[in-house]
Amino acid sequence: MEVSAHADTESTDVGVTTGFLARKLGVSPTTLRSWDRRYGLGPAVRPDGRHRRWSHGDVEMVQEMCRLTASGVPPAEAARAAKEHARTADTAAPGPTPGPAPTAAPAPADEHSPAARARAAVSATAQVSHSGTGLPLGDVRQECRGLARAAVRLDAAAVQRQLTAVLEAYGPAVAWEEVMMPTLRAVGRKWETSGDRYVEVEHLLSWHIAATLRHSYVRASSSAARPDSSPVLLACLPGEQHTLPIEALTAVLAERGVPALMLGGAVPAEALLASVRRTGPSAVVLWSQSRSTASLALARHVAATRWGMRGARTRSAVLLCGPGWGRSGEAGLLRPTGLRDALRMLPAR
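Quick note, in the numbering used here, the sequence shown goes up one by one and the last residue is 510.
Structure below.
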């Protein structure tokens, strides 16, 4: 059913339809009906023989539900808090008619408010493995649960708000290792076991993570590093397209004032070797996601490449990053187990 041209200006006395509200919030009509059936988050007035209409107060209640679940609050706790929020608003002293609920993150709630109590409940149950999303998250931070819920709903705005908030709160290293990567892995596992469902969720989440990490890099590098420092060169091997892990490392290096030269995915061998000779990097990070792209011959060639002035030529440290390299080490090559390990192995500046 098409929404009429004046739907956006429809009076709260008349109310809005379920379909319109679903589009406004970025959720499906099925989700709204499920919340109504399970938690009683439905229209207060239901005209007989007519489509349900959601009043201004109903809309604000469901907006609060969306905000809380996107921040990691379990749906049942969020529903209780949203209904109490609505009751509090109904009994508040009369005053000027409020405008629409803001879409930006609200000011921190009082510690005794319903929202604050709901968040406290999440903290108390942070080790519960059930995420409410159908994703196998396991024991993770509550931010993973909020991010997963937003991604499964394909709520791009909420995904971006969650990622931005996590990055600003914890920095790129913790954000990647403890929120972004666990959520991506859970989506990937669900994709593999559900007959190619959730592909769209993985693509949405990956795109927003990449955008967030690149924004972090650009913001940090604008004040960046010493121009006389040798960069860390980061590249995926030929045929390898999985760039997110080294994008995370690039963002962390920028945050720490370390110059980075990020070449991205599937870098041809000749281009990689030419870049090493031209830039003289202090270290070269080679990412391989699968054994089919890992090339020890190329890694050895990079490690043997000398650069610099004649009589003072030197080599770059080479880090083999990613599961494609397997667990075994290689003489003369460094094999970090993760982002923090790679940071420890990079030459001191």
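Note that the Cβ used here is the ideal one computed from N, Cα and C, for glycine as well.
Nearest-angstrom Cα distance between E238 and G176? 26 Å
How many angstroms separate the CA atom of T491 from the CA atom of G418? Before going further, note that residue 491 is Glu rather than Thr in the sequence given. Their Cα atoms are separated by approximately 30 Å.
Using the DSSP secondary-structure output, state which residues sit across from A372 in a beta bridge. Note: A372 sits in no beta bridge, so no partner.
For L507, does the count of other Cβ atoms within 10 angstroms reach 16, so buried, or fall short, so exposed? buried
Distance between beta carbons of V362 and V313, contact taken as under 8 Å: 6 Å
For A421, which residues of its own chain have a beta-carbon under 7 Å away from its beta-carbon, when the five flanking residues on both sides are left out? P392, V393, L395, T411, L414 and A415
Rounded distance between the beta-carbons of V446 and V463, thought under 8 Å: Their Cβ separation, rounded to whole angstroms, is 10 Å, which puts V463 and V446 out of contact at 8 Å.
Any idea if E225 is buried or exposed, counting beta-carbon neighbours within 10 angstroms, 16 or more meaning buried? buried
If you compare alpha carbons, which of E431, A240, L324 and G425 is closest to S195? A240
Would you kindly report the start and end of the unbroken beta strand (DSSP E) that includes W196? First-last for W196: P190 to Y200, but that is the alpha helix (DSSP H), not the beta strand (DSSP E).
Using beta-carbon positions only, say whether R310 and T373 come within less than 8 Å of one another. no
Indicate whether L328 and A336 have their beta-carbon atoms separated by less than 8 Å. yes
Tell me whether the beta-carbon of W448 lies closer than 8 Å to the beta-carbon of G483. yes
Minimum Cβ-Cβ distance from D316 to chain C less than 8 Å: Although the question refers to chain C, the structure presented lacks it and comprises just one protein chain.
State the start and end residues of the unbroken alpha helix (DSSP H) segment that holds V428. No alpha helix (DSSP H) holds V428; DSSP gives it neither H nor E.
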